[in-house]
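Notes follow once the structure below has been shown.
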Amino acid sequence: MSENRSIIIRTGLIVSLFLMVYPGLYSQENPGNTIKIGLLIPERESTAALHGAQMAVNAANGTGGPDGRNFSLVVRSMEGPWGTGSKQAVDLIFNEKVWALLGSHDGRNAHLVEQAATKSIVTMLSAWSADPTLTQAFVPWFFNCVPNDLQQAETIINETFDKRKQKNLVVIYDQDYDSRQALTSLLREMKGRNKPSPVQLSYEAYSSDPGSLPKRITQSNADCIALFCSPKVASGLYALLRKSKINLPVFGSLSVLNEDQLTESELNKFEGSFYVTSANWNSEKCRNFIRDYREKYGSRPGLVAAYAYDATGLIIEAIRRAGSADRTKIQKALAELTYSGVTGTIRFDERGNRSGNYNMVKIRNGLPAEFATD
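Letter by letter, the sequence shown follows residues 1425 to 1798 in the working numbering.
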């Protein structure tokens, strides 16, 4: 049995045991004065999602929630041994008695949180993972406000093969969990649409001699490149490609543009590349978000902060419509919402995926061009 599978099973057993031994431990009403929303982040230093979510909470507390109560975040870090995320989710649900869970983490950890939320019947909204397998179990308590890998793959195919009429795609990938999910999704979509199989190059195979990778790309006669790597690896590879005078268009998934893992200078290395977006970023709400974020935190927001801001706003609006801590009402309200956020209009399909049409945007100053107002 794989380690991932074993921990997911243990998570389910732990939650089930809590519910059997202490059936009243998770009460329908939070006895405190505030409405608690649980936020799970990868590490203590992962401040982007925390800042974005806190901005949404601060804005909401101007009018309050049901019975005039304020909202508050209860934050837990998932750093530590593999499986820590499930323990933190259980703590938020049973000890902190949060009304809903918000996650800004990778797909591997998202599965653990989803398992805990499902067993406990608590709404869980993912604000960063694009893993499409999260919604394939038809769990009504799980939602994702980020375009998943299948949706992003479809957008990349539309842009490269259909719009630009390109024929030879090279995919560079690494062994990171999210990278492999992105690659699997792209290959599935390409096969389903009868597109020619891409050349697949593993970063690890060239890590001891990175300089040989540009030569291999040139030999492949590629006319475009897709980078499905972890943020640090992708930033270095993109800089290597440009230094090697490989000026082919480069495409990738949103997970690469992670301001918690990359410095501003590393994000800037993606200048001129193309990534999937879910919105027209040049909206009044987006401009206000950038201005307010700068004023409060002294830096520009990135995509992690933007999606966390919208996800928190979604949860708050669902709670307001539900009018109480009733978990079924909160889930139903979220499923029926159409929400205008910084990242565009958000609504969900029957599986909890974000629905809508997506397109590619050019990166400027480390952000989608419409989002980079500098």
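Even for Gly, the Cβ is constructed at its ideal location relative to N, Cα and C.
- Distance from A1606 to S1702 at the Cβ level is roughly 16 Å; contact not present, criterion being Cβ atoms closer than 8 Å.
- Judged by DSSP in its simplified three-state form, K1460 adopts strand.
- In the three-state scheme derived from DSSP, where H, G and I count as helix and E and B as strand, P1622 is classed as coil.
- In the DSSP assignment, the residues bridged to M1548 are L1525, F1566.
- At a Cβ-Cβ threshold of 8 Å, C1569 and L1738 count as neighbours.
- Residue pairing by DSSP places M1784 opposite V1700 in a beta bridge.
- Per the C-alpha coordinates, the member of F1495, Q1478, S1689, M1548 positioned closest to K1756 is M1548.
- In terms of CA proximity to I1461, A1513 leads the group Q1624, A1513, V1700.
- Here the segment 1557 to 1574 lies against the segment 1773 to 1791, with 3 or more beta-carbon pairs under 8 Å apart.
- In this structure, the beta-carbon distance from T1767 to D1716 does not fall below 8 Å.
- G1696 sits close to K1786, with the two beta carbons spaced by under 8 Å.
- Per the coordinates, the alpha-carbon of K1720 lies some 43 Å from the alpha-carbon of Q1624.
- Contact annotation, L1526 with A1477: C-beta distance approximately 6 Å; criterion of less than 8 Å satisfied.
- In the DSSP assignment, F1652 falls within the beta strand (DSSP E) that extends over 1648 to 1652.
- Sequence-distant partners of E1690 (beyond 5 residues in either direction) whose C-beta falls short of 6 Å from its own C-beta, in its chain, are S1659.
- Scanning the segment 1490 to 1542 from its first residue to its last, the whole beta strand (DSSP E) runs of 3-plus residues come out as 1494 to 1501, 1524 to 1527.
- When secondary structure is reduced to three states using DSSP, T1769 falls in the strand class.
- Beta-bridge partners of I1465 (DSSP): S1501.
- Within a 10 Å sphere around the beta-carbon of K1639 sit fewer than 16 other beta-carbons, which makes this residue exposed.
- The beta carbon of L1474 sits closer than 8 Å to the beta carbons of L1463, I1465, L1497, V1499, A1732 from its chain, once the five residues preceding and following it are set aside; these are given in chain order.
- Judged by pairs of C-beta atoms under 8 Å, the segment 1749 to 1764 does not touch the segment 1647 to 1663, as fewer than three such pairs exist.
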